[in-house]
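In full-length UniProt numbering, the protein residues as written are 1 to 360.
Each residue gets a CB set at the ideal place from its N, CA and C atoms; glycine is no exception.
This is the structure we're talking about:
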C-alpha cells in the first residue's frame, strides 16, 4: 500500500481512537460495592494500662506492699490510645485483645521467679522499682474501606515503684514494722511511723487514726496518753493515703504497763510499798534492760530496750537508777540506770527512784 495515498485513512483512524479514549477513561480498582479505594487498616498509637487489684495504673505508679505481681494484668481500657486511618475511612474503633496478652516482670533485667510473682512486693522488693513489659495485640476496625480491620502488636514497658517498708522510729532507734514493738508502755511514751522508711517527709500524704482512746496519733507520731486495760491493750494505727489506695495498718499489743513515783527517791522496801498501793510491783531487771554486765542494747521486750533514755520523755523521769525487785546472793539489790540502761547492784537501803509494773 502506498503510504502517501492512504494518509487520509490513517489520520481518520487516529482521530477515531482519540475520541474513544476521551469517552472511556481508564478505571481504578475499587474495593467492592462501597466504592472506596482499597488501602490500609487503621492504626493505634499511645499507651495502654495495667489492671491491678484496685483499678488501672499507669507507668511509674506506686503499688501497695501487700499486693503481688500476679494480681496485675492488662487493662482493656483504650482511652490512652489514638486512632488514625491514612485512607480517611470512617468510624474507627479499637479493642485490646487481653486474653492473648502477657506481662514479663523483672528487676534490673533479671526476671522474677514464679515464687516472687505470687508473694507480696514487700517480701523482696520494698523500696525498689520493677519493670514490667506488656505485650498484647490490639484490633483496629473501621466501618468503611477495605480492609475494615487489622491486628497490631503492641509492646510497652512500665516502671512499677514499690514503696519502702515503713519503720518505727523511737528515741533514736528504728524498729522494723513487723518487730512487734512496743510490748511495754507508760504514760507519755511516744514513737513515730516513718512511712517512706527514712524520715517523716511523706507522712502528710496520709490520714491518721487510732482505734483506742488512750492512744493519739498526729502526722504519724503515736503517743500513749493513758493507762490501758486488758481489753484495750491492742492498738491499730491506720494510715490512709490521701491520693487513694489501700490503707496501711500498724498493730501492737502491750503486755506490761510501767509507772514511776516521779522524782521521789526511796529505799527498796519503801519503793515496793508504793508500788503495792498502785496495784503493781517492782519489775524484774530483765523487764527493764537487756544489760547483763556488758552494756544494754535496744530491742523489744524490756522498758529501756524499747524506749531508750527515759529523761527524753519528760521531767518526771530521771536518768539515774530505779529499783528492780531482783536480789543478788550478796544481799544487794539490782537497779537500772535510765539513761543508758546500765545494771547496778546496791544495798537495799540506798535511795533510788521507784519503778513499778503491772501486767495487762
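For the alpha helix (DSSP H) that contains residue i, what are its first and last residues?
i	result
residue 305	303 to 307
Could you tell me the alpha carbon to alpha carbon distance between residue i and residue j, rounded to whole angstroms?
i	j	result
residue 86	residue 39	8 Å
residue 277	residue 271	10 Å
residue 334	residue 232	32 Å
residue 205	residue 72	24 Å
residue 326	residue 332	9 Å
residue 357	residue 226	15 Å
residue 147	residue 92	12 Å
residue 176	residue 253	15 Å
residue 95	residue 111	29 Å
residue 88	residue 156	27 Å
residue 314	residue 262	10 Å
residue 294	residue 275	29 Å
residue 266	residue 223	29 Å
residue 322	residue 240	41 Å
residue 264	residue 352	8 Å
residue 280	residue 292	25 Å
residue 329	residue 172	36 Å
residue 62	residue 174	24 Å
residue 238	residue 108	33 Å
residue 347	residue 216	41 Å
residue 51	residue 200	30 Å
residue 113	residue 244	30 Å
residue 273	residue 345	20 Å
Just tell me which of the options has its CA closest to the CA of residue i.
i	options	result
residue 214	208, 191, 192 and 187	187
residue 249	77, 193, 139 and 79	193
residue 153	234, 91, 45 and 110	45
residue 181	314, 337 and 255	255
residue 80	88, 70, 72 and 57	57
residue 53	43, 59, 47 and 75	75
residue 100	206, 137 and 77	137
residue 209	293, 218 and 331	218
residue 393	118, 70, 109 and 269	Outside the displayed range of the chain (1 to 360) lies residue 393, so it cannot be described from this structure.
residue 359	228, 115, 82 and 173	228
residue 115	125, 279 and 108	125
residue 350	269, 246 and 171	269
residue 134	108, 97 and 113	97
residue 230	63, 83 and 183	183
residue 185	346, 216 and 307	307
Enumerate in chain order the residues of its own chain whose CB-to-CB distance from residue i is below 8 Å, with the five nearest sequence positions on each side excluded.
i	result
residue 122	65, 66, 162 and 165
residue 179	168 and 300
residue 202	195 and 196
residue 283	256, 258, 303, 324, 325, 355, 356 and 357
residue 289	296, 302, 303, 304, 305, 336, 341, 342 and 343
residue 47	58, 59, 80, 81 and 156
residue 127	162, 163, 164, 165 and 197
residue 117	68, 69, 70 and 105
Can you name, in chain order, every residue of its own chain whose Cβ lies under 7 Å from the Cβ of residue i, other than the five neighbours on each side?
i	result
residue 149	41, 139, 140 and 141
residue 339	309, 311 and 319
residue 221	190 and 192
residue 286	302
residue 77	49 and 56
residue 119	68
residue 242	205, 206 and 207
residue 26	Per-residue confidence for residue 26 stands at a pLDDT of 33, beneath the threshold of 50, marking its modelled position as unreliable; no derived number is given.
Looking at the unbroken beta strand (DSSP E) that takes in residue i, where does it start and where does it end?
i	result
residue 241	234 to 241
residue 150	149 to 161
residue 251	248 to 253
residue 142	Taken as a continuous stretch (DSSP letters only), residue 142 belongs to no beta strand (DSSP E), as it is neither H nor E.
residue 55	55 to 57
residue 46	43 to 46
residue 50	50 to 52
residue 256	256 to 266
Which residues in the same chain as residue i place their Cβ atom closer than 6 Å to its Cβ, once the five residues preceding and following it in sequence are excluded?
i	result
residue 236	211, 249 and 251
residue 129	159 and 161
residue 60	159
residue 106	131
residue 317	310 and 311
residue 234	253
residue 33	The predicted position of residue 33 is uncertain, since its pLDDT is 39 and thus under 50; no value can be drawn from it.
residue 170	191
residue 246	64
residue 43	84
residue 151	137 and 139
Is it the case that the CB of residue i approaches a heavy atom of the ligand FMN more closely than 7 Å?
i	result
residue 215	Absence of the ligand FMN from the depicted structure is noted, as is the absence of any ligand whatsoever, leaving it without description.
Worksheet entry | Within the region 61 to 137, ranges of the alpha helix (DSSP H) (whole runs, at least 4 residues) | 114 to 117 and 121 to 124
Fill in: Uninterrupted beta strand (DSSP E) stretches inside the region 277 to 355 (no shorter than 3 residues)
321 to 327, 333 to 337 and 343 to 346
Item to complete: Could you pull out every unbroken beta strand (DSSP E) segment of at least 3 residues lying fully inside the UniProt domain "Invasin" (168 to 240), listed in chain order?
Response: 173 to 176, 190 to 194, 206 to 210, 215 to 218 and 221 to 224
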